[in-house]
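J.: Just so you know, we're using numbering that gives the first Met the number 0 here: the sequence shown kicks off at 0 and counts up by one.
Input: one structure, supplied below.
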Amino acid sequence: MTDIPFSAIGFDLDGTLLDTFRDLGAAVNHALVLGGFAEVSVETSKDLIGGGAKIMLARAVEAQGGLPEAEFKRLYKAMLGYYEAHNAVHTVPYPGVRETLAALAAQGVRMAVVTNKFEAFARNVLTQLDLIDTFETVIGGDSMGKGPDGQFLAKPHPAPVLKAREVLGGGSFVFLGDSTYDARAAKEAGVPFVAAAYGYCDAPVEAMGAAAVIDSFGGLIPALEALRKPA
């Protein structure tokens, strides 16, 4: 019997389950060089993450003067192609991820990944790291299709979080992430949010309206147990 007051958990991927910035940074730099721009420090590429690969590249390009839309699309396509072939070179799970996910599964907690990374990329990375079978579904930034504005229904839109909750049975659900995109999606979906302070946070975690904050993935289960309401 688990003391966790949730039957299901949704996880962001980059900066939450996986430390991905080195491979993402390499893909951004590949595109920047093609466009005649200077490379960015791989370490500082952490600051660009949030909202998906397209926004990540756009931030890097805009910081160096920007590009016409057609040329940006060319670089974005090149970035995706490079990342598809090099998305698990340096990427690793955060410390405690494998052990904590195994403990949650043993307690019957159902789990999903909700990421702004394209679904195929997310599944590929998780498969290479032997984590894919832990999750009942992987919902990517392109999984929910596009809205009336032509944009993918990705976080901070609540649709991916709501879909994950539905797939996992529609019961008590909590979402773990490291960005304002995650926090806003959880809030709009009406589910509790746990902030991963060890991730690529694009704002102070204190400002994210989280029900709990964890400093390491290994602290997730105690944090969830602490959210149990008194009988």
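All residues carry an ideal CB built from backbone N, CA and C; glycine is no exception.
(1) For THR99, which three-state DSSP category applies?
(2) By how many angstroms is the C-alpha of SER40 removed from the C-alpha of TYR81?
(3) Between ALA222, PHE216 and GLY198, which has its C-alpha nearest SER44's C-alpha?
(4) Output yes or no for whether 9 Å exceeds the beta carbon distance between ILE54 and GLY14.
(5) Do PRO94 and LEU16 have their beta-carbon atoms positioned less than 9 Å apart in this structure?
(6) Pull up the CB-CB distance for GLY34 and LEU74, whole angstroms please, since I reckon it's below 8 Å.
(7) Taking GLY9 as the reference, which of ALA111, ASP177 and ALA102 has the closest Cα?
(8) May I ask which residues mark the beginning and end of the alpha helix (DSSP H) holding ILE39?
(9) Counting pairs of beta carbons, one from the region 176-184 and one from the region 146-164, are three or more of them closer than 8 Å?
(10) With 16 as the cutoff for other CB atoms within 10 Å, does ASP22 come out buried or exposed?
(11) Does DSSP put ALA62 in a helix, in a strand, or in coil?
(12) Going by beta carbon distance, what residues of the same chain come within less than 8 Å of GLU118, once the five residues before and after it are set aside?
(13) First and last residue of the beta strand (DSSP E) that includes VAL290?
T.: Straight from the coordinates:
(1) helix
(2) If you take the alpha carbons of TYR81 and SER40, they lie about 18 Å apart.
(3) GLY198
(4) no
(5) For LEU16 and PRO94, no; Cβs fall outside 9 Å.
(6) 5 Å
(7) For the options ALA111, ASP177 and ALA102, the alpha carbon positioned closest to that of GLY9 is the one of ALA111.
(8) A small fix is needed here, since residue 39 is Val in this sequence, not Ile. Annotation for VAL39: no alpha helix (DSSP H) segment contains it, and DSSP assigns it neither H nor E.
(9) yes
(10) buried
(11) coil
(12) VAL137, ILE138, GLY139, GLY140, ASP141 and SER142
(13) Here the chain covers residues 0 to 230 and nothing more, so residue 290 does not appear.
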